[in-house]
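Participant: Position 142 (the sequence shown) corresponds to 1240 in our numbering; numbering is contiguous. Got a structure here, written out as structure tokens. Questions coming.
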Amino acid sequence: MVRSSKFLKPGTSTIVTQSAFVTLAHGLIPGNTDGLEVYFFTKPITQAARADVLENGAKDLRNSDYAALVLYLDKQSKVGQVNLSYVVPGTTVARTAAWKRHELARFSTYKFDGKRLLLKSSGTYSEDAPEERLTLSWNVNLDLPVFERPKK
């Protein structure tokens, strides 16, 4: 919910997802690290959509409502930072939702074996600065295969 912002449309919006897709990406910024990109879409994943995700970074699917969690991984494949992106017409929000130990605890039900991602997390990110007041909430419960994104 956006309460006030110079750039974001005020009000409440919700994304109800029909599908999710996970890719393992290399060389993510900051830190040139590996990460798991979890995309949540309002449309089903078709074969064409799967190809779009793997080959184009979900360029076509990202033309409509979607959300994404990016789990930045350390050398032991543990989560060190989580970024959340939320896109609906007229509003795009991207924030670091967790990087401190107590924030990362919201992502403690996590298992990545190199092939599958198990993630259960719910939480809220709030920003209450004078120039921007907003709240982002999520509730994730997934067990999905992880696809390696081709290196470009």
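Even for Gly, the Cβ is constructed at its ideal location relative to N, Cα and C. Just so you know, these numbers come straight off a predicted model, no measurement behind them.
Assuming Leu1232 and Arg1148 form a contact by the criterion Cβ under 8 angstroms, report the distance between their Cβ atoms to the nearest whole angstrom.
Facilitator: In the sequence shown, the residue the question calls residue 1232 occupies position 134. In the sequence shown, the residue the question calls residue 1148 occupies position 50. Not really, about 32 angstroms apart at Cβ, beyond 8 angstroms.
Participant: Per DSSP, Asn1161 is paired with what?
Facilitator: As a working note, residue 1161 is residue 63 in the sequence shown. The partner list for Asn1161 (beta bridge, DSSP) is empty, contrary to what the question assumes.
Participant: Could you tell me which residues DSSP pairs with Gly1221 in its beta bridges?
Facilitator: Taking the first residue of the sequence shown as 1, we reach residue 1221 at position 123. Note: Gly1221 sits in a beta bridge opposite Trp1236.
Participant: With which residues is Phe1205 paired in a DSSP beta bridge?
Facilitator: If you number the sequence shown from 1, residue 1205 lands on position 107. Note: Phe1205 sits in no beta bridge, so no partner.
Participant: So is Ser1183 buried or exposed if we call it buried at 16+ other beta carbons inside 10 Å?
Facilitator: Taking the first residue of the sequence shown as 1, we reach residue 1183 at position 85. Buried, by the Cβ-count rule.
Participant: Below 6 angstroms CB to CB, which residues in the same chain sit around Thr1194 once its five sequence neighbours on both sides are set aside?
Facilitator: To locate residue 1194, count along the sequence shown from 1; it is residue 96. Contacts found: Asn1181.
Participant: Kindly indicate which three-state DSSP category Gln1179 falls into: helix, strand or coil?
Facilitator: Translated into the one-based positions of the sequence shown, residue 1179 becomes position 81. Strand.
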